[in-house]
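Following the working numbering, the numbering of the sequence shown begins with 0 at its first residue and continues without gaps. C-beta: ideal position from N, C-alpha, C; glycine also.
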Amino acid sequence: MIIYSIVIAAILLFISMAYIPSATWRNILSPIFAVIIILCAVFMVRNDREHYGMHKVDTTQTSDLVSVSPSKEMKMLLYQPVGTAGKEKVYIYKKNVSQKKPTTTNPDPSNTTNTVKTVSGTPTVKTTTTRWEYKNDAYRFWFGIAGNGHKLIRHHNTFNINKDWLTLSSAQAKKLQKLAKENQAKMKNEGKQYVGAQVKQTVTAAMKKNPKMSAADQKSLQQATVKKATAAYQKQATAKMIAEAKK
0 MIIYSIVIAA
10 ILLFISMAYI
20 PSATWRNILS
30 PIFAVIIILC
40 AVFMVRNDRE
50 HYGMHKVDTT
60 QTSDLVSVSP
70 SKEMKMLLYQ
80 PVGTAGKEKV
90 YIYKKNVSQK
100 KPTTTNPDPS
110 NTTNTVKTVS
120 GTPTVKTTTT
130 RWEYKNDAYR
140 FWFGIAGNGH
150 KLIRHHNTFN
160 INKDWLTLSS
170 AQAKKLQKLA
180 KENQAKMKNE
190 GKQYVGAQVK
200 QTVTAAMKKN
210 PKMSAADQKS
220 LQQATVKKAT
230 AAYQKQATAK
240 MIAEAKK
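Structure, rendered in structure tokens:
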């Protein structure tokens, strides 16, 4: 509406200066219309440059976060470095297990920021979107023709992951999968040796402490040791491969 006001005031200014015979009325009306034009122009520029009549509005959306890794043992949040320096990251993730094509964050660093946090609860992704909105209908009536309502200011994505998740680049994830495949047989053999050694050491120590340990107790101890040693070896082997993948 403010543009129409400028046009109307300009026409009236022209009419008052060119067609009003009375100098008195001409001297009264012409400055009024000129001031209206100037004021409208000033407020229009302020709306464009300073977002006059507008305020920032945040909307937040929280979704479940699902690992993009095909392996159930390795939960991953991936990212792709962008830009010449590779400092900016586009994160790659899923919101549910049935999602076939992963979601990616906005690659424009000028209006998108990302944060990764470690939490103990359910993994989630929280997206906060900030936009310029008109304060009320009056401001929208006067300046809405500019089309700057709902103008995006920024997106902020917060990825809340558990401590057993990995945050890797796409290249690192591919390298890790390759290493896991190449070392599968080796890890299996080493795992057996490690677990066997741990079981022998634990049972031997227990028998020395309690020579009369029953067969049932020995079996229970062996099973518990196998479970514990297997988890420990997998953790060590995985950490070693991850370190290699990040090189």
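Is the shortest distance between the beta-carbon of residue i and the beta-carbons of chain B less than 8 Å?
{"i": "K93", "result": "Looking at the structure shown, chain B is missing, and only one protein chain is on hand."}
Could you pull the start and end residues of the alpha helix (DSSP H) that residue i belongs to?
{"i": "M43", "result": "A22 to E49"}
{"i": "M240", "result": "A214 to A244"}
{"i": "E189", "result": "Q183 to K208"}
{"i": "S97", "result": "Element bounds for S97: n/a, residue is neither H nor E."}
{"i": "Y3", "result": "I1 to A17"}
Where does residue i land, buried or exposed, given buried means 16+ other C-beta within 10 angstroms?
{"i": "I160", "result": "buried"}
{"i": "A214", "result": "exposed"}
{"i": "K234", "result": "exposed"}
{"i": "M0", "result": "exposed"}
{"i": "T104", "result": "buried"}
{"i": "M206", "result": "exposed"}
{"i": "T111", "result": "buried"}
{"i": "L151", "result": "exposed"}
{"i": "W141", "result": "buried"}
{"i": "K93", "result": "buried"}
{"i": "A137", "result": "exposed"}
{"i": "Y78", "result": "buried"}
{"i": "A172", "result": "buried"}
{"i": "K180", "result": "exposed"}
{"i": "K208", "result": "exposed"}
{"i": "V89", "result": "buried"}
{"i": "N26", "result": "exposed"}
{"i": "N135", "result": "exposed"}
{"i": "N113", "result": "buried"}
In chain order, what residues of the same chain lie with their CB nearer than 7 Å to the CB of residue i, ignoring the 5 residues before and after it?
{"i": "E132", "result": "M53, H54, V56, G148 and H149"}
{"i": "I241", "result": "L165 and L175"}
{"i": "E243", "result": "L178"}
{"i": "N46", "result": "G52, F142 and A145"}
{"i": "T201", "result": "L220 and T224"}
{"i": "E72", "result": "none"}
Going by beta carbon distance, what residues of the same chain come within less than 8 Å of residue i, once the five residues before and after it are set aside?
{"i": "V198", "result": "Q221, T224, V225 and A228"}
{"i": "Q217", "result": "V202, A205 and M206"}
{"i": "Q248", "result": "With the chain represented from 0 up to 246, any question about residue 248 goes unanswered, as that position is not in the structure."}
Can you list, in chain order, the residues of its chain whose CB lies under 6 Å from that of residue i, leaving out five sequence neighbours each side?
{"i": "V118", "result": "N159"}
{"i": "L28", "result": "S15"}
{"i": "Y193", "result": "Y232"}
{"i": "T61", "result": "T123 and K125"}
{"i": "I19", "result": "R25"}
Counting along the chain, where does the beta strand (DSSP E) carrying residue i start and finish?
{"i": "Y78", "result": "K74 to V81"}
{"i": "V56", "result": "M53 to D63"}
{"i": "V89", "result": "E87 to Y92"}
Meets three-Cβ-pair contact criterion under 8 Å: the stretch 27-47 and the stretch 59-71:
With the rule of 3 Cβ pairs closer than 8 Å, the stretch 27-47 does not count as touching the stretch 59-71.
Output the residue ranges of the alpha helix (DSSP H) runs that lie fully inside the stretch 105-175 and measure 4 residues or longer, sorted by chain position.
136-142
Is there contact here, the stretch 1-15 with the stretch 28-40, by at least three beta-carbon pairs under 8 Å?
Yes, the stretch 1-15 touches the stretch 28-40.
Are three or more beta carbon pairs between the stretch 150-159 and the stretch 116-133 nearer than 8 Å?
These segments touch.
At least 3 beta-carbon pairs within less than 8 Å: the stretch 181-195 vs the stretch 162-169
no
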